[in-house]
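Trainee: Please see the structure below; I have some questions.
In this note's numbering, the protein residues as written are 748 to 998.
Here is the structure:
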């Protein structure tokens, strides 16, 4: 997102993927080893979600364990407050300012942002209080919604130049709704992870609505698609020296 030129995309992609693979690999290995080492003598009914904290307490001295647990808490708080501010900002700028009241002043937007912070925090608190909820379950549900609503749109936008606005909007709506409805059902095929049907139906919706859209994408969008994919309208690869940084594309 902060690349100054598309030329370095390959290098950035390699670095990002290597780091993700390494971090997730050790996270999975740590969980497997911890469960094999601690269960059931130490883990007991605490559940697999506390395995890392239990493993720290049973492996290190109290001082080192305290530092490591404090680091975990700091990471959680840092992530939570950032996500809270982003959610409040998105509500204020993308919903209230655009849909509800376009001429809202800065002071009004500040107060709406504060209200959004309180409202979102309250909802998160009520969800966290439910003893039947688990971190893994909530995260899986949330990522199913994100993946089904936005995953197909991103892929179609990157790899299919005929994707239209109506197709993208319809795909996001269908993907999100399918995940919500699928989660409420159970038994048989409905035991399948909800991202699978949501993603599949979202892809179908994007394709059909884009094909049925008579206007199609504008010439400007088509040119931008070809530029980002390093291809001009005649199918020839753009040389590196001819490429323009993304932020100057509208100049």
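For glycine and all other residues, C-beta sits at the position ideal for the given N, C-alpha and C. Since the structure is predicted, the reported quantities are computational estimates derived from the model, not experimental observations.
1. With distances taken Cα to Cα, identify the nearest neighbour of residue 955 among 796, 913, 976 and 801.
2. Does residue 843 pass the burial test, meaning 16 or more other C-beta atoms within 10 Å, or should it be called exposed?
3. Could you give the distance in angstroms between the alpha-carbon of residue 891 and the alpha-carbon of residue 946?
4. Measuring alpha carbon to alpha carbon, tell me which of 879, 948 and 858 ends up nearest residue 896.
5. Indicate the three-state DSSP secondary structure (helix, strand or coil) for residue 849 in the structure shown.
6. Grab me the residues of residue 922's own chain with a C-beta within less than 6 Å of its C-beta, minus the 5 sequence neighbours each way, in chain order.
7. Can you give the beta carbon distance from residue 816 to residue 800, rounded, assuming they're within the 8 Å contact cut?
8. Given a cut-off of 8 Å, decide if residue 885 and residue 874 are closer than it, judged by their beta-carbon atoms.
9. Between residue 995 and residue 778, what straight-line distance do the alpha-carbon atoms span, to the nearest angstrom?
10. Can you check which of these residues, 917, 908 and 772, is closest to residue 964 by C-alpha distance?
11. In its own chain, which residues sit with a C-beta less than 6 Å from the C-beta of residue 941, not counting the 5 before and 5 after it?
12. Residue 798 to residue 974, Cα distance in whole Å?
13. DSSP on residue 907, reduced to helix/strand/coil?
14. With contact counted as at least three CB pairs below 8 Å, one residue from each stretch, are the segment 852-868 and the segment 821-838 in contact?
15. Starting from residue 816, trace the alpha helix (DSSP H) in both directions and tell me its first and last residue.
16. What first and last residue would you give for the alpha helix (DSSP H) that runs through residue 966?
17. Tell me which residue opens and which closes the alpha helix (DSSP H) that residue 799 is part of.
18. Which of the three DSSP states is assigned to residue 950 in this structure?
19. Roughly how many angstroms lie between the CA atoms of residue 850 and residue 830, to the nearest whole one?
Mentor: This is what the structure holds:
1. That would be 913, whose Cα lies nearest to the Cα of residue 955.
2. The Cβ neighbour count for residue 843, taken over all protein chains shown within 10 Å, is at least 16; the residue is labelled buried.
3. Take the alpha-carbon of residue 891 and the one of residue 946: they are about 9 Å apart.
4. Of 879, 948 and 858, the residue nearest in Cα terms is 948.
5. The answer is coil: DSSP assigns residue 849 none of H, G, I, E or B.
6. Only 895, 896, 945 and 949 meet the Cβ criterion.
7. So it is a contact: roughly 6 Å between Cβ atoms.
8. Yes, these two residues count as a Cβ contact at 8 Å.
9. Because the pLDDT of residue 995 is 43, which lies under 50, any placement of that residue in the model is unreliable, and the number read from its coordinates should be weighed accordingly. About 46 Å.
10. When only C-alpha atoms are compared, the closest one is 908.
11. Cβ neighbours of residue 941 within its own chain (closer than 6 Å, five residues either side excluded): 891, 926, 929 and 930.
12. A direct Cα-Cα distance of roughly 48 Å separates residue 798 from residue 974.
13. The answer is coil: DSSP assigns residue 907 none of H, G, I, E or B.
14. The answer is yes - the segment 821-838 touches the segment 852-868, with three or more Cβ pairs under 8 Å.
15. Counting along the chain, the alpha helix (DSSP H) containing residue 816 begins and ends at 809-837.
16. Its alpha helix (DSSP H) spans residues 966-975.
17. Unbroken alpha helix (DSSP H) run through residue 799: 798-806.
18. Residue 950: helix per DSSP, three-state reduction.
19. Answer to the nearest angstrom: the Cα atoms are 26 Å apart.
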